[in-house]
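**Student:** Just so you know, my numbering puts 192 at position 126 of the sequence shown, and the rest follows in order with no gaps.
We treat Cβ as the ideally placed atom computed from N, Cα and C, and that holds for glycine.
Computed from a predicted model, the values in this text were never measured in an experiment.
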Amino acid sequence: MIHIRKDDYLQLSLLLSRHPEPAGRASLRDELAAATVLPRENFPADVVAMNSRVGFVDLDSNEHEEYTLTLPQHADAEARRISVLSPIGTALLGYRVGDEVSWPTPGGARRLRIVAVTHGEAPTAGEAADAFLVRLLGGIPVAEGARP
(Lines of atoms letter the chains of each structure in order from A and count residues from 1; the text may use other names and numbers.)
(Lines give C-alpha, C1' and ligand atoms only; values in the text may rest on other atoms or scores of the structure.)
Protein backbone atom coordinates (compact mmCIF):
# COMPACT_ATOMS: atom_id res chain seq x y z
CA MET A 1 0.00 0.00 0.00
CA ILE A 2 1.29 3.46 -0.84
CA HIS A 3 0.78 6.76 0.98
CA ILE A 4 0.05 10.14 -0.61
CA ARG A 5 -0.05 13.53 1.12
CA LYS A 6 -3.49 15.09 0.91
CA ASP A 7 -2.19 18.27 -0.76
CA ASP A 8 -0.31 16.15 -3.34
CA TYR A 9 -3.43 14.07 -3.97
CA LEU A 10 -5.46 17.21 -4.68
CA GLN A 11 -2.75 18.74 -6.86
CA LEU A 12 -2.28 15.55 -8.89
CA SER A 13 -6.04 15.09 -9.27
CA LEU A 14 -6.18 18.60 -10.71
CA LEU A 15 -3.27 17.80 -13.04
CA LEU A 16 -5.09 14.73 -14.34
CA SER A 17 -8.33 16.65 -14.87
CA ARG A 18 -6.62 19.50 -16.74
CA HIS A 19 -4.53 17.38 -19.09
CA PRO A 20 -6.67 14.81 -20.90
CA GLU A 21 -3.90 12.80 -22.56
CA PRO A 22 -0.56 13.14 -20.77
CA ALA A 23 1.76 10.19 -20.93
CA GLY A 24 1.56 8.27 -17.68
CA ARG A 25 -1.95 9.45 -16.85
CA ALA A 26 -3.45 5.97 -16.42
CA SER A 27 -0.60 4.77 -14.20
CA LEU A 28 -0.82 7.83 -11.98
CA ARG A 29 -4.62 7.56 -11.77
CA ASP A 30 -4.24 3.91 -10.66
CA GLU A 31 -1.65 4.88 -8.02
CA LEU A 32 -3.89 7.63 -6.63
CA ALA A 33 -6.91 5.29 -6.52
CA ALA A 34 -4.96 2.73 -4.47
CA ALA A 35 -3.25 5.20 -2.13
CA THR A 36 -3.90 5.98 1.51
CA VAL A 37 -4.25 9.78 1.70
CA LEU A 38 -2.70 11.43 4.77
CA PRO A 39 -2.52 15.05 5.96
CA ARG A 40 0.92 16.67 5.65
CA GLU A 41 1.43 16.74 9.43
CA ASN A 42 0.93 12.94 9.67
CA PHE A 43 2.92 12.00 6.58
CA PRO A 44 5.86 9.63 7.22
CA ALA A 45 9.28 11.22 6.69
CA ASP A 46 10.60 8.22 4.73
CA VAL A 47 7.86 8.18 2.04
CA VAL A 48 8.29 9.77 -1.41
CA ALA A 49 6.00 12.77 -1.98
CA MET A 50 5.91 15.57 -4.52
CA ASN A 51 9.06 17.74 -4.37
CA SER A 52 10.90 15.01 -2.46
CA ARG A 53 14.56 14.39 -3.18
CA VAL A 54 14.81 10.61 -3.70
CA GLY A 55 17.98 8.55 -3.55
CA PHE A 56 17.82 5.11 -5.09
CA VAL A 57 20.00 2.23 -6.24
CA ASP A 58 19.45 0.58 -9.62
CA LEU A 59 19.25 -3.11 -8.68
CA ASP A 60 20.67 -4.25 -12.03
CA SER A 61 23.63 -1.87 -12.40
CA ASN A 62 24.15 -1.07 -8.69
CA GLU A 63 24.37 2.64 -9.60
CA HIS A 64 23.18 5.21 -7.06
CA GLU A 65 21.19 8.22 -8.30
CA GLU A 66 19.20 11.09 -6.80
CA TYR A 67 16.29 12.97 -8.34
CA THR A 68 13.56 15.35 -7.22
CA LEU A 69 9.98 14.35 -8.03
CA THR A 70 8.16 17.27 -9.70
CA LEU A 71 5.17 18.28 -11.74
CA PRO A 72 5.67 17.84 -15.50
CA GLN A 73 6.28 21.55 -16.15
CA HIS A 74 9.22 21.55 -13.69
CA ALA A 75 10.92 18.38 -14.98
CA ASP A 76 14.51 18.90 -16.12
CA ALA A 77 16.87 15.95 -16.60
CA GLU A 78 20.00 18.13 -16.29
CA ALA A 79 18.76 19.52 -12.96
CA ARG A 80 17.84 15.96 -11.89
CA ARG A 81 14.12 16.71 -11.62
CA ILE A 82 11.73 14.01 -12.90
CA SER A 83 8.04 14.32 -13.70
CA VAL A 84 5.48 12.46 -11.65
CA LEU A 85 3.96 11.45 -15.01
CA SER A 86 7.15 9.70 -16.13
CA PRO A 87 7.25 5.93 -15.55
CA ILE A 88 9.94 6.29 -12.88
CA GLY A 89 8.15 9.22 -11.23
CA THR A 90 4.87 7.37 -10.94
CA ALA A 91 6.71 4.25 -9.75
CA LEU A 92 8.44 6.15 -6.90
CA LEU A 93 5.47 8.19 -5.64
CA GLY A 94 4.14 6.96 -2.30
CA TYR A 95 6.80 4.33 -1.62
CA ARG A 96 9.23 4.45 1.28
CA VAL A 97 12.91 3.94 2.04
CA GLY A 98 13.74 0.25 1.63
CA ASP A 99 10.96 -0.42 -0.89
CA GLU A 100 11.79 -1.88 -4.29
CA VAL A 101 9.91 -0.49 -7.27
CA SER A 102 9.84 -1.59 -10.89
CA TRP A 103 8.26 -0.50 -14.15
CA PRO A 104 8.40 -1.69 -17.75
CA THR A 105 10.81 -0.12 -20.25
CA PRO A 106 11.46 -1.01 -23.90
CA GLY A 107 14.62 -2.83 -22.76
CA GLY A 108 12.84 -4.78 -20.02
CA ALA A 109 11.74 -4.06 -16.48
CA ARG A 110 13.85 -1.60 -14.49
CA ARG A 111 14.16 -2.17 -10.74
CA LEU A 112 15.19 0.27 -8.02
CA ARG A 113 15.50 0.31 -4.25
CA ILE A 114 14.73 3.59 -2.50
CA VAL A 115 17.56 4.44 -0.09
CA ALA A 116 16.84 8.04 0.97
CA VAL A 117 13.99 10.57 0.96
CA THR A 118 14.19 14.26 1.82
CA HIS A 119 10.92 16.16 1.69
CA GLY A 120 10.78 19.40 -0.26
CA GLU A 121 8.94 22.59 0.49
CA ALA A 122 5.23 22.98 1.15
CA PRO A 123 3.05 23.90 -1.83
CA THR A 124 3.16 27.46 -3.10
CA ALA A 125 0.17 29.74 -2.60
CA GLY A 126 -0.87 29.07 -6.21
CA GLU A 127 -0.64 25.31 -5.74
CA ALA A 128 -2.64 25.54 -2.53
CA ALA A 129 -5.28 27.65 -4.32
CA ASP A 130 -5.49 25.07 -7.12
CA ALA A 131 -5.95 22.28 -4.57
CA PHE A 132 -8.65 24.32 -2.84
CA LEU A 133 -10.47 24.79 -6.14
CA VAL A 134 -10.42 21.05 -6.83
CA ARG A 135 -11.91 20.41 -3.41
CA LEU A 136 -14.46 23.24 -3.77
CA LEU A 137 -15.59 22.11 -7.21
CA GLY A 138 -15.70 18.44 -6.30
CA GLY A 139 -13.02 17.49 -8.83
CA ILE A 140 -14.49 19.47 -11.72
CA PRO A 141 -11.62 20.72 -13.91
CA VAL A 142 -10.87 24.42 -13.83
CA ALA A 143 -10.05 26.07 -17.16
CA GLU A 144 -6.33 26.74 -17.54
CA GLY A 145 -5.49 30.15 -16.10
CA ALA A 146 -9.02 30.68 -14.74
CA ARG A 147 -9.46 32.09 -11.26
CA PRO A 148 -12.72 32.74 -9.44
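What residues in its chain sit with their C-beta under 8 angstroms from that of Thr102, if we drop five residues either side in the sequence?
**Tutor:** Only Met67, Ile68, His69 and Ile70 meet the Cβ criterion.
**Student:** Since Ser93 and Thr156 should fall inside the 8 angstroms C-beta cutoff, what is the C-beta to C-beta distance between them, to a whole number of angstroms?
**Tutor:** The Cβ separation is near 5 angstroms, so the contact holds.
**Student:** Between Ala182 and His130, what straight-line distance do the alpha-carbon atoms span, to the nearest angstrom?
**Tutor:** Roughly 11 angstroms between the two C-alpha positions.
**Student:** Given a threshold of 16 other Cβ atoms within 10 Å of its Cβ, counted over all protein chains shown, does Asp124 qualify as buried or as exposed?
**Tutor:** Asp124 comes out exposed.
**Student:** Determine whether the beta carbon atoms of Ala141 and Ser152 lie at a separation below 9 angstroms.
**Tutor:** Yes, the Cβ-Cβ distance between Ala141 and Ser152 is below 9 angstroms.
**Student:** Measuring straight from C-alpha to C-alpha, what distance separates Leu82 and Asp112?
**Tutor:** So the alpha carbons of these two residues sit roughly 26 angstroms apart.
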